[in-house]
Amino acid sequence: MGNNLISVNNVSVNFDYQENFISKKQKIHAVNNINIKIQKGSFFGLVGESGSGKTTLGRAILGANKISSGNVIFHDDERDYDLTNMNKQDLKEYRKKAQLIFQDPYAALSPRMTVRDIIAEPLEVMKITNSRQETDERVRDIASKCRLNIEHLRRFPHAFSGGQRQRISIARALVSNPKFIVADESVAALDVSIQADILNLLKQLQTELNLTYLFISHDLSVVAHVCDVVAVMYLGHIVEMGPSRQLFKNPKHSYTKALLSSIPSIDPEKRSQAIELKGEIPSALNPPPGCVFRTRCPNPGIDCKGGEIKMGLTEVEPGHWVDQCCAL
Amino acid sequence: MSHLLEVKNLDVKFDTDEGRITAVENISLSVDQGEVLGIVGESGSGKSVTAKSIMKLNPGNTSYNEDAEIILDNENVLQFTSKQDLKKIRGGKVSMIFQEPMASFAPAIKIGAQMVEQLLIHKNINKDEAKSISINMLKRVGIADAEKRFNQYAFELSGGMRQRAMIAMALSTMPKLLLADEPTTALDVTIQAQVINLIKDIIKEYQMGVIFITHDLGVIAQVADHVAVMYLGSVVEKGPVNEILKNPKHPYTKGLLQALPDINNLDAPLSPIPGNIPSPLDRPTGCVFRTRCPHHNPEGKDGKIEMKLIEVEPGHWVDQCGIKCGQNG
Numbered sequence: 001m002g003n004n005l006i007s008v009n010n011v012s013v014n015f016d017y018q019e020n021f022i023s024k025k026q027k028i029h030a031v032n033n034i035n036i037k038i039q040k041g042s043f044f045g046l047v048g049e050s051g052s053g054k055t056t057l058g059r060a061i062l063g064a065n066k067i068s069s070g071n072v073i074f075h076d077d078e079r080d081y082d083l084t085n086m087n088k089q090d091l092k093e094y095r096k097k098a099q100l101i102f103q104d105p106y107a108a109l110s111p112r113m114t115v116r117d118i119i120a121e122p123l124e125v126m127k128i129t130n131s132r133q134e135t136d137e138r139v140r141d142i143a144s145k146c147r148l149n150i151e152h153l154r155r156f157p158h159a160f161s162g163g164q165r166q167r168i169s170i171a172r173a174l175v176s177n178p179k180f181i182v183a184d185e186s187v188a189a190l191d192v193s194i195q196a197d198i199l200n201l202l203k204q205l206q207t208e209l210n211l212t213y214l215f216i217s218h219d220l221s222v223v224a225h226v227c228d229v230v231a232v233m234y235l236g237h238i239v240e241m242g243p244s245r246q247l248f249k250n251p252k253h254s255y256t257k258a259l260l261s262s263i264p265s266i267d268p269e270k271r272s273q274a275i276e277l278k279g280e281i282p283s284a285l286n287p288p289p290g291c292v293f294r295t296r297c298p299n300p301g302i303d304c305k306g307g308e309i310k311m312g313l314t315e316v317e318p319g320h321w322v323d324q325c326c327a328l
Numbered sequence: 329m330s331h332l333l334e335v336k337n338l339d340v341k342f343d344t345d346e347g348r349i350t351a352v353e354n355i356s357l358s359v360d361q362g363e364v365l366g367i368v369g370e371s372g373s374g375k376s377v378t379a380k381s382i383m384k385l386n387p388g389n390t391s392y393n394e395d396a397e398i399i400l401d402n403e404n405v406l407q408f409t410s411k412q413d414l415k416k417i418r419g420g421k422v423s424m425i426f427q428e429p430m431a432s433f434a435p436a437i438k439i440g441a442q443m444v445e446q447l448l449i450h451k452n453i454n455k456d457e458a459k460s461i462s463i464n465m466l467k468r469v470g471i472a473d474a475e476k477r478f479n480q481y482a483f484e485l486s487g488g489m490r491q492r493a494m495i496a497m498a499l500s501t502m503p504k505l506l507l508a509d510e511p512t513t514a515l516d517v518t519i520q521a522q523v524i525n526l527i528k529d530i531i532k533e534y535q536m537g538v539i540f541i542t543h544d545l546g547v548i549a550q551v552a553d554h555v556a557v558m559y560l561g562s563v564v565e566k567g568p569v570n571e572i573l574k575n576p577k578h579p580y581t582k583g584l585l586q587a588l589p590d591i592n593n594l595d596a597p598l599s600p601i602p603g604n605i606p607s608p609l610d611r612p613t614g615c616v617f618r619t620r621c622p623h624h625n626p627e628g629k630d631g632k633i634e635m636k637l638i639e640v641e642p643g644h645w646v647d648q649c650g651i652k653c654g655q656n657g
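Those sequence lines, one after another, are chains A and B. The numbering of the first sequence is the working numbering, which starts it at 1 and goes up by one. The numbering of the second sequence is the working numbering, which starts it at 329 and goes up by one.
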């Protein structure tokens, strides 16, 4: 425990799926047997392609998705919260402490509410403040921390650009004074020049307000820049995890290597050294047995080709974990 | 030698309830056969509007200026008004690949039927020939089981597969010019790498001219021969891809490059471009970038310097205000 804020222990999330009412019920294995520890004050990155389960895992940690097996523990100062075994009162408390920033700042803000009302809503819903005056004070305080002008508070979201809207969403997430923030693709919808601004803001708020982030993104360069620790997900499994610089400098898993090589280089003279992955991510309805990546792996070993090696992380360097299939 | 496509002094304006919006101002571009022109810019910079003008796909409230010319294959597209003429360019000489392949296929019509339909309009062939051309094209873009996919609907295909089918459809009429509007933005990186390689192979094979629109400078570096950088409806810098990315002159181009997280240089700070993109309703006079320019020179600040591209090195054109500002920083 000690320094950890969140411990995720053997968490799996399955969804029921039925193609039509006469067909057999199946299970979608969205997240499989995940173990992560998120340290206090860290910027934990979760990368992977669409369908890899990153959002599901993020939502499970917030208690927004049902966890099928395993548990998530939130280590607060005074006590621990076990997410799989929580009563309504605890859940209310937890919601104040863990918040979500969404991807699309255009969809996340109600067009009929003023910015002040949008930011104040969590305070009112969670009954954190007792008077309107107190609410206004908190709203103004957090708005200025997120670099919003006070006169903007009276306007409606349509008057704002993407970057400003994202700052409003951040202010709303932070107004209840949370300790833990899940930022789900929070810069993906923004232009590059604005994206850098929001990333810098998140970093600055982290030190100012003592926040811990789970940063979900498909963009490896962004993750490499802001995160301390990174976990790479593929088809519901973590295939590699470690301190971000070490992981990006010295990737061990073939999937991480392929992902890194696929980032288009800004140098026109270095054209395409991408390790091309054949085909696409398999369906989570029926993942390949053994190593889930083996159907697309550019250099599968003899053992893993047959799917005999089970998924499981091994530590190759201190703190750097790789799925055993590729670590061999 | 005349260019495959030449756009001269194009202005595009939209009449809206709030007034007349200038979406594109005084743009001149050219594309040769077998060449890829990349257009980069952020949202609202007028990239897509420029591309749509080439096919006259902009909505009814659009007005073009009198002296603008879009010359494709020695004909001025802007003067086309009859359906017959427009048909020649839309899907005939020019094809377009859109960003969101799910939204560009009709959801209730089989992919094959959509491909055959456009071939029957543009080529003088019968249904069976159209079908075999379509299936061959699907195979060419790397779709396994092309015969099976031909009889499927768009929702049955994955994102990367749909984008491949879109490319196959756009290419099957053998256009001279391909407009690719953010074709890889909605895709995952590994799929993006596949699609970029595919587009590059096909350009080489068919020797068509391509306008490749994206906001991702990395993608531009990978595919383009020439680049035009757009901001708020104007081209602020254009030239060969190497020159623009390695020796940028305009503060906006420099700013974009600095704002981009580079995985090979994790110690570099991310420097955003200050401020927000102004609304096209109050587009700044003079240099469009002056409201956000970090190094503006005193004259540019007042908006007294008009936008005008000047050739600083052979083929490398920079807006005149930007040259001065660029020297300051």
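C-beta: ideal position from N, C-alpha, C; glycine also. Computed from a predicted structure; not experimentally measured.
Secondary structure of residue i, DSSP reduced to three states
{"i": "residue 277 of chain A", "result": "coil"}
{"i": "residue 95 of chain A", "result": "helix"}
{"i": "residue 221 of chain A", "result": "helix"}
{"i": "residue 313 of chain A", "result": "strand"}
{"i": "residue 139 of chain A", "result": "helix"}
{"i": "residue 215 of chain A", "result": "strand"}
{"i": "residue 529 of chain B", "result": "helix"}
{"i": "residue 150 of chain A", "result": "helix"}
{"i": "residue 292 of chain A", "result": "coil"}
{"i": "residue 478 of chain B", "result": "helix"}
{"i": "residue 521 of chain B", "result": "helix"}
{"i": "residue 634 of chain B", "result": "coil"}
{"i": "residue 512 of chain B", "result": "coil"}
{"i": "residue 611 of chain B", "result": "coil"}
Residues sharing a beta bridge with residue i, DSSP
{"i": "residue 27 of chain A", "result": "A:16"}
{"i": "residue 336 of chain B", "result": "B:397"}
{"i": "residue 182 of chain A", "result": "A:100, A:214"}
{"i": "residue 554 of chain B", "result": "B:365, B:568"}
Residue i at chain B interface by Cβ criterion, 8 Å
{"i": "residue 149 of chain A", "result": "no"}
{"i": "residue 163 of chain A", "result": "yes"}
{"i": "residue 276 of chain A", "result": "yes"}
{"i": "residue 167 of chain A", "result": "no"}
{"i": "residue 44 of chain A", "result": "no"}
{"i": "residue 200 of chain A", "result": "yes"}
{"i": "residue 131 of chain A", "result": "no"}
Close beta carbons around residue i, own chain, < 6 Å, minus the five adjacent residues each side
{"i": "residue 344 of chain B", "result": "none"}
{"i": "residue 423 of chain B", "result": "498, 503, 506"}
{"i": "residue 1 of chain A", "result": "In this predicted model, residue 1 of chain A has a pLDDT of only 47, less than 50, meaning its place in the structure is not dependable enough to derive any value."}
{"i": "residue 458 of chain B", "result": "444, 447, 448"}
Where residue i meets chain A, residues with beta-carbon distance less than 8 Å
{"i": "residue 575 of chain B", "result": "Those within 8 Å of residue 575 of chain B in chain A number zero; the least Cβ separation is about 12 Å."}
{"i": "residue 642 of chain B", "result": "Within 8 Å Cβ-Cβ: nothing; residue 642 of chain B doesn't reach chain A, min ~17 Å."}
{"i": "residue 475 of chain B", "result": "Within 8 Å Cβ-Cβ: nothing; residue 475 of chain B doesn't reach chain A, min ~18 Å."}
{"i": "residue 590 of chain B", "result": "221, 266"}
{"i": "residue 609 of chain B", "result": "By Cβ distance, chain A contributes nothing, its closest Cβ being about 12 Å from residue 609 of chain B, past 8 Å."}
Contacting residues, own chain, Cβ-Cβ under 8 Å from residue i (five flanking each side not counted)
{"i": "residue 162 of chain A", "result": "105, 106, 189, 190, 191, 194"}
{"i": "residue 290 of chain A", "result": "304, 306, 307, 308, 309, 310, 311, 325"}
{"i": "residue 98 of chain A", "result": "61, 62, 63, 74, 178, 179, 180, 181, 182"}
Residue i at chain A interface by Cβ criterion, 8 Å
{"i": "residue 623 of chain B", "result": "no"}
{"i": "residue 439 of chain B", "result": "no"}
{"i": "residue 420 of chain B", "result": "no"}
{"i": "residue 370 of chain B", "result": "yes"}
{"i": "residue 605 of chain B", "result": "yes"}
{"i": "residue 389 of chain B", "result": "no"}
{"i": "residue 496 of chain B", "result": "no"}
Closer than 9 Å at the beta carbon, the chain A residues around residue i
{"i": "residue 543 of chain B", "result": "191, 192"}
Residue i CB to nearest heavy atom of the ligand NAD below 7 Å
{"i": "residue 580 of chain B", "result": "Ligands in the displayed structure: none, and consequently the ligand NAD is not present."}
Where residue i meets chain B, residues with beta-carbon distance less than 9 Å
{"i": "residue 231 of chain A", "result": "Near residue 231 of chain A there are no residues of chain B at all, since even the closest Cβ is about 17 Å away, more than 9 Å."}
{"i": "residue 271 of chain A", "result": "528, 549, 550, 551"}
Listed by chain order, chain B residues near residue i by CB distance under 8 Å
{"i": "residue 263 of chain A", "result": "517, 546, 591"}
{"i": "residue 185 of chain A", "result": "Correct list: empty, because the minimum Cβ distance to chain B is about 13 Å."}
{"i": "residue 50 of chain A", "result": "487, 516"}
Neighbouring residues, chain B, relative to residue i (Cβ below 7 Å)
{"i": "residue 248 of chain A", "result": "591"}
{"i": "residue 197 of chain A", "result": "600"}
Same chain only: Cβ atoms within 7 Å of residue i, ignoring 5 sequence neighbours per side
{"i": "residue 469 of chain B", "result": "492, 495, 496, 526"}
{"i": "residue 318 of chain A", "result": "none"}
{"i": "residue 461 of chain B", "result": "447, 500"}
Under 7 Å from the C-beta of residue i: neighbouring residues of chain A
{"i": "residue 562 of chain B", "result": "Under the 7 Å cutoff, chain A gives no residues; its nearest Cβ is about 16 Å from residue 562 of chain B."}
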